[in-house]
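One structure below.
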Amino acid sequence: MQVLNRLKMELSNQEYFTDEQYIQFWFKNNLFGIMCAGTKKTKRIKQDYSRMDIVIGNKSQGNLQIMTVAEYQRMIKRIFQYLYEEYGITVNLQNLKFSEMEINCTFELKEEFYKYHRVLRLMMFNLPKSFKKLGQISGINKKAQRLESETFYRGNSSTEVKIYDKKKHLEQTIQFRLEKNIMRIEFILKKSQKIKEVFKSTLVSDLTDEKINQFYYQQFTRLFEKPYRKWQIENGNQLKNMITYHKGKNKRYWKSNLLRECSNKEQLDQIPLLLDVKNLLAQAKALDKDGHYQRVAKGILEQSNYNDVYLQNDSDKAEEIIIRVHGAYENYLKGIRLVSASYSAICGETA
Numbered sequence: 063m064q065v066l067n068r069l070k071m072e073l074s075n076q077e078y079f080t081d082e083q084y085i086q087f088w089f090k091n092n093l094f095g096i097m098c099a100g101t102k103k104t105k106r107i108k109q110d111y112s113r114m115d116i117v118i119g120n121k122s123q124g125n126l127q128i129m130t131v132a133e134y135q136r137m138i139k140r141i142f143q144y145l146y147e148e149y150g151i152t153v154n155l156q157n158l159k160f161s162e163m164e165i166n167c168t169f170e171l172k173e174e175f176y177k178y179h180r181v182l183r184l185m186m187f188n189l190p191k192s193f194k195k196l197g198q199i200s201g202i203n204k205k206a207q208r209l210e211s212e213t214f215y216r217g218n219s220s221t222e223v224k225i226y227d228k229k230k231h232l233e234q235t236i237q238f239r240l241e242k243n244i245m246r247i248e249f250i251l252k253k254s255q256k257i258k259e260v261f262k263s264t265l266v267s268d269l270t271d272e273k274i275n276q277f278y279y280q281q282f283t284r285l286f287e288k289p290y291r292k293w294q295i296e297n298g299n300q301l302k303n304m305i306t307y308h309k310g311k312n313k314r315y316w317k318s319n320l321l322r323e324c325s326n327k328e329q330l331d332q333i334p335l336l337l338d339v340k341n342l343l344a345q346a347k348a349l350d351k352d353g354h355y356q357r358v359a360k361g362i363l364e365q366s367n368y369n370d371v372y373l374q375n376d377s378d379k380a381e382e383i384i385i386r387v388h389g390a391y392e393n394y395l396k397g398i399r400l401v402s403a404s405y406s407a408i409c410g411e412t413a
């Protein structure tokens, strides 16, 4: 269930440099991607360097296809054999190191990606403060008169989190069209120091499927699931207080006033205060002491027809995302290697 899509790595012990003070070359190849190498003179010594960006995938489906670490390493050997036969370049495989890694989980959604924008914005907002500004890329649908979210990202100098519409990405980059809706959640380790901190090594030979899957699952739980559960508790208490406040202020119109406050606050803050009417109903039921819950619930649902953003089952969408990632990890533990058509895999992509 592993997907390794792209590799950006440091090469060593190459046998292609001259005695000139500076030489550099780069080339792009359909077999692997881009290679850049050279040597330059520093203040004291001449320093060799080289980098390679390996793109894993095919022309028809891009990097949607899955690959285990063992398959990935065999592919690298084939590429280096090609470099030797075609260009006379020799690379020491034992010293091959990662300089950047993308580790992701890709899965099918029940609905179109843009309909998850309130949930995803909330989840990205809940990330730790060490992650800086939240970025968002949206498409423009003139016909429907709406913005359609395609990508959310947030990070810092060493790590970035990205959630994006993989279906749309494949359509835009390689014109590959899928009938199903696909989401990809990605953790990017941007520096070799961070890779070493996480995996205790930057060597390609030390990478395993187990390490990748455990890291991804732990990060998803720590960064997304636990903060969301904490938010649910805090938000429940906040909704209880709002019900009590608006009931005390106006017993007749408290439902419409409460929903209006939730809507206004979300417009101003761009973060949901009320994610789903079910959340409000749960707190109304918890506060019911007189056996009037059914009547209260009917009134809330009637008012929600004027605020139908709360009737889109967004709390179910949050649970759907969490369940999908749990399912991918459980399948890995069971030794199930999923076919690409199921689009459910925890992936190690290096870039």
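Residue numbering for the sequence shown follows the numbering used here, beginning at 63 and increasing consecutively.
Ideal Cβ placement from N, Cα and C applies to all residues, glycine included.
Query raised in the report: Looking at the C-beta of R216, does it have a partner C-beta in chain B at a distance below 8 Å?
Result: The chain labelled as chain B is not found in the depicted structure, where only one protein chain is given.
Query raised in the report: With DSSP run on the structure shown, which of helix, strand or coil describes S200?
Result: Here residue 200 refers to the residue found at position 138 of the sequence shown. For S200, the secondary structure class from DSSP, reduced to helix, strand or coil, is strand.
Query - the region 275-291 contacting the region 176-188, beta-carbon criterion three pairs below 8 Å - result: A contact exists between the region 275-291 and the region 176-188.
Report task. Below 8 Å on the Cβ atoms is my guess for V387 versus T270; work out the distance and round it to an integer in Å. Result -> Taking the first residue of the sequence shown as 1, we reach residue 387 at position 325. Taking the first residue of the sequence shown as 1, we reach residue 270 at position 208. Contact between V387 and T270 fails: their C-beta atoms lie close to 20 Å from each other, not under 8 Å.
Query - Spatially closest choice to F249 from I274, T235, K230, by CA coordinates - result: Counted from its first residue, the sequence shown places residue 249 at position 187. The shortest C-alpha to C-alpha distance from F249 to any of I274, T235, K230 is the one to I274.
Query raised in the report: Hey, is the region 144-164 in contact with the region 363-383, meaning 3+ C-beta pairs nearer than 8 Å?
Result: Two segments are said to touch when three or more pairs of C-beta atoms, one from each, lie closer than 8 Å; by this definition the region 144-164 does not touch the region 363-383.
Query raised in the report: Where do the ends of the alpha helix (DSSP H) carrying N275 lie?
Result: Here residue 275 is taken as the residue at index 213 of the sequence shown, counted from 1. Run containing N275: 271-282, per the alpha helix (DSSP H) assignment.
Requested in this report: Find the nearest neighbour of F187 within the set E210, F286, C167, judged by alpha-carbon distance.
Outcome: Taking the first residue of the sequence shown as 1, we reach residue 187 at position 125. Answer by Cα proximity: F286.
**Report entry** Element boundaries [alpha helix (DSSP H), containing R291]
**Finding:** Numbered from its first residue, the sequence shown carries residue 291 at position 229. Where R291 is concerned, the enclosing alpha helix (DSSP H) stretches over 288-311.
Query - Touch test, the region 390-398 against the region 198-211, Cβ-Cβ under 8 Å, three pairs minimum - result: Touching, no.
Query raised in the report: Identify the residues that DSSP records as bridge partners of Q109: which are they?
Result: Against the sequence shown, residue 109 aligns to sequence position 47. Answer is K102, bridged to Q109.
**Report entry** Opposing strand residues paired with Y453 [DSSP bridges]
**Finding:** The first residue shown for the chain is 63 and the last is 413, placing residue 453 beyond what the model contains.
**Report entry** 8 Å contact criterion, which K195 and E212 should meet: CB distance rounded
**Finding:** Position 133 of the sequence shown, counting from 1, holds the residue named residue 195. Position 150 of the sequence shown, counting from 1, holds the residue named residue 212. That pair is no contact at about 18 Å.
Query raised in the report: Going straight from the alpha carbon of K309 to that of W316, what length do you get?
Result: Within the sequence shown, residue 309 is the residue found at index 247, counting from 1. Within the sequence shown, residue 316 is the residue found at index 254, counting from 1. Rounded to the nearest whole angstrom, the CA to CA distance from K309 to W316 is 5 Å.
Requested in this report: Kindly list the residues whose CB is nearer than 6 Å to the CB of Q281, restricted to its own chain and excluding five residues on each side of it in sequence; keep chain order.
Outcome: For this step, residue 281 is matched to residue 219 along the sequence shown. Contacts found: F249.
Requested in this report: Drop a sphere of 10 angstroms on the beta-carbon of Q345, count the other beta-carbons inside from all chains shown, and report buried for 16 or more, exposed for fewer.
Outcome: Taking the sequence shown and counting its residues from 1, one reaches residue 345 at position 283. The residue in question, Q345, is buried, as its Cβ has 16 or more Cβ neighbours within 10 Å.
Query - Three-state class that DSSP yields for M129 in the structure shown - result: Residue numbering aside, residue 129 sits at position 67 when the sequence shown is read from its first letter. Of the three classes helix, strand and coil, the one that applies to M129 here is coil, per DSSP.
Query - Exposure label - T306; buried when at least 16 CB within 10 Å - result: Within the sequence shown, the letter at position 244 stands for residue 306. The residue in question, T306, is exposed, as its Cβ has fewer than 16 Cβ neighbours within 10 Å.
Report task. Put I157 into one of helix, strand or coil per three-state DSSP. Result -> Indexing the sequence shown from 1 puts residue 157 at position 95. Note that residue 157 is Asn in the sequence shown, not Ile. In this structure, N157 counts as helix in the three-state DSSP scheme.
Query - E222 versus N166 - alpha carbon distance - result: Residue 222 sits at position 160 when you count from the first residue of the sequence shown. Residue 166 sits at position 104 when you count from the first residue of the sequence shown. The alpha-carbon atoms of E222 and N166 are separated by roughly 12 Å.
Query raised in the report: Per DSSP, E392 is paired with what?
Result: Translated into the one-based positions of the sequence shown, residue 392 becomes position 330. As computed with DSSP, E392 is found in no beta bridge at all.
Query raised in the report: From Y279 to Y391, what does the alpha carbon distance come to, in whole angstroms?
Result: Residue 279 sits at position 217 when you count from the first residue of the sequence shown. Residue 391 sits at position 329 when you count from the first residue of the sequence shown. Roughly 7 Å separates the two Cα atoms.
Query - Distance cut-off 7 Å: N243 Cβ against heavy atoms of the ligand COA - result: Among the components modelled here there is no ligand, and therefore nothing to report on the ligand COA.
Requested in this report: Please report the Cβ distance between T104 and D110, rounded to the nearest whole angstrom; I am assuming they are in contact, meaning their Cβ atoms lie under 8 Å.
Outcome: Taking the first residue of the sequence shown as 1, we reach residue 104 at position 42. Taking the first residue of the sequence shown as 1, we reach residue 110 at position 48. That pair is no contact at about 11 Å.
**Report entry** Rounded Cβ spacing between L343 and A359 (contact assumed at less than 8 Å)
**Finding:** Residue numbering aside, residue 343 sits at position 281 when the sequence shown is read from its first letter. Residue numbering aside, residue 359 sits at position 297 when the sequence shown is read from its first letter. Right, the Cβ-Cβ distance comes to about 5 Å (below 8 Å), so this counts as a contact.
**Report entry** Cβ-Cβ distance between K302 and A348 below 8 Å
**Finding:** In the sequence shown, residue 302 corresponds to position 240, counting from 1. In the sequence shown, residue 348 corresponds to position 286, counting from 1. A Cβ-Cβ contact shorter than 8 Å links K302 with A348.
Query - Nearest-angstrom beta carbon gap, V339 and L363 [assumed within contact, 8 Å] - result: Locating residue 363 in the sequence shown gives position 301, where the first residue counts as 1. Locating residue 339 in the sequence shown gives position 277, where the first residue counts as 1. Yes, they are in contact, since the Cβ atoms of L363 and V339 sit about 7 Å apart, within 8 Å.
Query raised in the report: Since T264 and F142 are thought to touch, with beta carbons under 8 Å apart, how far apart are those beta carbons, to the nearest angstrom?
Result: Against the sequence shown, residue 264 aligns to sequence position 202. Against the sequence shown, residue 142 aligns to sequence position 80. Going by Cβ atoms, the distance from T264 to F142 rounds to 18 Å, so no, they are not a contact pair.
Query raised in the report: Tell me which same chain residues have a C-beta within less than 6 Å of the C-beta of K242, skipping the five on either side of it?
Result: To locate residue 242, count along the sequence shown from 1; it is residue 180. Here the set comprises E170.
Query raised in the report: With 16 other CB atoms within 10 Å as the buried threshold, where does Q86 fall?
Result: As a first step, residue 86 must be located in the sequence shown, where it is residue number 24. The predicted model places Q86 with a pLDDT of 47, which falls under 50 and marks its position as unreliable; any figure quoted below should be read in that light. Looking at its Cβ environment, which holds fewer than 16 other Cβ atoms inside 10 Å, Q86 is exposed.
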